[in-house]
Amino acid sequence: MTLIEQIKQGRFLEATCDFSQPFVAEEWTLDSGLHCQLLYRGVLQITPRDLSCDAKDIVLSSGIHGDETSPIELIQHVASSIVLGHIQPTHRLLLIIAHPEAVNYQQRFMTENMNRLFQVRNPERNNECRIANALQLAINSFYGASIAIKPERWHLDLHCAIRPSQHDTFAISPYTDKQTRSNKLFSFIHHAKLNAVLLSNTPSPTFAWYSAEYHGAQALTIELGRVGKIGHNDFTLLAPFRDAMLQLITDVALPIIWTSEVEVYQVSRTITKQQPEFYFTFNDDVANFTFFAEGDEFAVDGRQTYSASVGGEAVVFPNRHVMLGQRAALMVKKANLIFDEQVRVCDITNASY
Ligand SMILES: O=C(O)CCC(=O)N[C@@H](CCC(=O)O)C(=O)O
Ligand SMILES: [Zn+2]
185 MTLIEQIKQG
195 RFLEATCDFS
205 QPFVAEEWTL
215 DSGLHCQLLY
225 RGVLQITPRD
235 LSCDAKDIVL
245 SSGIHGDETS
255 PIELIQHVAS
265 SIVLGHIQPT
275 HRLLLIIAHP
285 EAVNYQQRFM
295 TENMNRLFQV
305 RNPERNNECR
315 IANALQLAIN
325 SFYGASIAIK
335 PERWHLDLHC
345 AIRPSQHDTF
355 AISPYTDKQT
365 RSNKLFSFIH
375 HAKLNAVLLS
385 NTPSPTFAWY
395 SAEYHGAQAL
405 TIELGRVGKI
415 GHNDFTLLAP
425 FRDAMLQLIT
435 DVALPIIWTS
445 EVEVYQVSRT
455 ITKQQPEFYF
465 TFNDDVANFT
475 FFAEGDEFAV
485 DGRQTYSASV
495 GGEAVVFPNR
505 HVMLGQRAAL
515 MVKKANLIFD
525 EQVRVCDITN
535 ASY
């Protein structure tokens, strides 16, 4: 069976990971009038026939890291629900399972971390660079072909955390000077029942940052539980997120709302690994968001030691195995969001533990 035949039967994930078949770009139209375009392996564009002039352009991506499987299964669910006619999206969509080779090997990456390859176009030294470049082009042409006069662009890049976490689900809002922290985006976080949101304070080389910085998209990296094997993920925890995502693409109106139930953090600094002799003062199973009181030493990088700053800091994504020059941890502090009269984030203040 060809890749397209598999996808038409609702098996987008299986087709994407099936390297026994050559990839052939193809397009077809469903009876409902939805137009489907398979642009690259794992990249499926969906265009409704009757788009309203305020239709959104929504990118839903997964599999940037091959072992983060619940997001991959969620994108498979969205793709099959659409091609089998169970749901009718009202917006333009780009559905992505980014790195099928790493999915097949059940690995985060094969040669290098793809989520550090979105700052600029990459010299094509390995497969991750080739895929990241192809994804950059796919994003550029997707947002570039918007039909709306004032396009509302979204990008939710779905991931899972490597280690345990004090917050099971959380979002990272990339830093950019574009207006990418809208009231609708924060309402989405509320409706999806994400436990926390981190506000980055510097540009990052991530996929979500790319869409925010170069296309002004309302973009988030979203952490959905922990890495696990396909078929063994528990979706009970992720049901509110899945429902909010389906509401976003089928245009169920979601009221603008923000709640203090969502914990807010501001990134205070990024710890970059500079020396091969880098280690944390805590074990690999210490949870994300573990707090260090002011002055507590948490990392050693060659001769440099790192201690928590004034008021204390919590650690997120600590990883001593990263390449030299890459992020080894984010340090965060609790914060409060201040909204303007349109419920847009207009300021951030510190909050205490
Ligand atoms: O659990 C971990 O250490 C990593 C999980 C993951 O892949 N997170 C993303 C976050 C991207 C961002 O900071 O916006 C990553 O590290 O690429
Ligand atoms: Zn990831």
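Numbering (this note's numbering), first residue to last: 185 to 537.
Even glycine gets a Cβ: it sits at the ideal position worked out from N, Cα and C.
These numbers come from a predicted model, not from an experiment.
Taking the alpha helix (DSSP H) that residue i falls in, what are its first and last residues?
i	result
Tyr359	Segment: none, Tyr359 is in no alpha helix (DSSP H) and carries neither H nor E.
Gly328	311 to 328
Leu187	187 to 192
Arg426	423 to 434
Phe370	367 to 375
Ser216	Unbroken run through Ser216: none, as it is neither H nor E.
Val287	284 to 288
Ala396	391 to 399
Going by C-alpha distance, which of the options is nearest residue i?
i	options	result
Phe302	Arg314, Met294, Gln291, Trp442	Arg314
Ala329	Ala239, Asp215, Thr456	Ala239
Ile248	Asn297, Gln450, Ser236	Asn297
Thr434	Leu218, Pro284, Lys334, Val484	Leu218
Ala322	Glu397, Val227, Asn306, Ile333	Val227
Thr456	Phe464, Tyr449, Gln450	Phe464
Thr353	Tyr449, Val304, Leu408	Leu408
Pro358	Trp393, Trp338, Ser366	Trp393
Leu214	His270, Ala199, Leu187, Glu252	His270
Lys237	His275, Glu252, Val262	The residue asked about is misnamed: residue 237 is Cys in this sequence, not Lys. Nearest of His275, Glu252, Val262 to Cys237, Cα basis: His275.
Glu252	Gln205, Gln431, Lys413	Lys413
Pro335	Thr533, Gln402, Val506	Gln402
Ser265	Phe462, Asp468, Lys192, Gly486	Lys192
Ile440	Leu369, Gln488, Leu421, Pro284	Leu369
Arg487	Gly194, Pro273, Leu340, Phe462	Phe462
Ala428	Val506, Ser371, Leu235	Ser371
Gln272	Ser349, His339, Ile356, Val436	Val436
Val446	Gly415, His416, Ile356	Ile356
Is the CB-CB distance between residue i and residue j below 9 Å?
i	j	result
Ser388	Arg511	yes
Ala380	Phe501	no
Phe466	Asn367	no
Leu521	Val451	no
Arg337	Ile256	no
Ala345	Arg410	yes
Thr405	Asn299	yes
Arg233	Ser216	yes
Thr186	Gln205	yes
Val262	Cys220	no
Near residue i, which residues of its chain fall below 6 Å by C-beta distance, leaving aside the five closest residues on each side in sequence?
i	result
Ala286	Gly250, Phe293, Met294
Phe207	Arg225
Phe203	none
Asp418	none
Val448	Val381, Ala519, Leu521
Leu235	Ile331
At a cut-off of 8 Å, is residue i close to ligand 3 when judged by its beta-carbon and the heavy atoms of the ligand?
i	result
Thr405	Among the ligands modelled here, namely ligand 1 and ligand 2, ligand 3 does not occur.
Using beta carbons (cut-off 9 Å, strictly below), is residue i in contact with chain B?
i	result
Gln193	The structure shown contains no chain B; it is built from a single protein chain.
Quick check: what's the CA-CA separation for residue i versus residue j?
i	j	result
Ser384	Ile331	31 Å
Gln320	Leu197	21 Å
Phe476	Val494	10 Å
Leu342	Ile373	13 Å
Thr360	Asn503	25 Å
Asn324	His399	8 Å
Leu222	Glu481	50 Å
Gln291	Arg347	15 Å
Asn288	Ala318	20 Å
Ala535	Cys201	45 Å
Ala423	Gly509	37 Å
Ala483	Gln459	12 Å
Thr390	Val304	10 Å
Pro307	Ala316	10 Å
Phe326	Gly479	48 Å
Lys377	Val499	22 Å
Gly496	Lys517	8 Å
Ser491	Asp485	12 Å
Ile188	Ala471	42 Å
Ala209	Gln229	11 Å
Ser444	His505	35 Å
His351	Pro284	28 Å
Note the first and the last residue of the continuous beta strand (DSSP E) segment covering residue i.
i	result
Glu198	That residue, Glu198, is in no beta strand (DSSP E); its alpha helix (DSSP H) goes 196 to 200.
Leu279	276 to 281
Glu257	That residue, Glu257, is in no beta strand (DSSP E); its alpha helix (DSSP H) goes 253 to 267.
Ser493	No beta strand (DSSP E) holds Ser493; DSSP gives it neither H nor E.
His343	336 to 345
Arg453	447 to 456
Val227	227 to 231
Glu481	481 to 485
Given residue i, which residues of its chain have a CB within under 8 Å of its CB, disregarding the five upstream and five downstream residues?
i	result
Ile259	Phe196, Leu197, Leu244, Ser245, Ser246, Gly247, Leu279, Ile280, Ile281, Leu342
Lys362	Ala396, Glu397, Gly400
Gln431	His375, Leu438
Give every residue of the same chain whose Cβ lies closer than 7 Å to the Cβ of residue i, excluding the five residues on either side of it in the sequence, and list them in chain order.
i	result
Thr454	Thr386, Arg511, Leu514
Asn310	Thr295, Glu296
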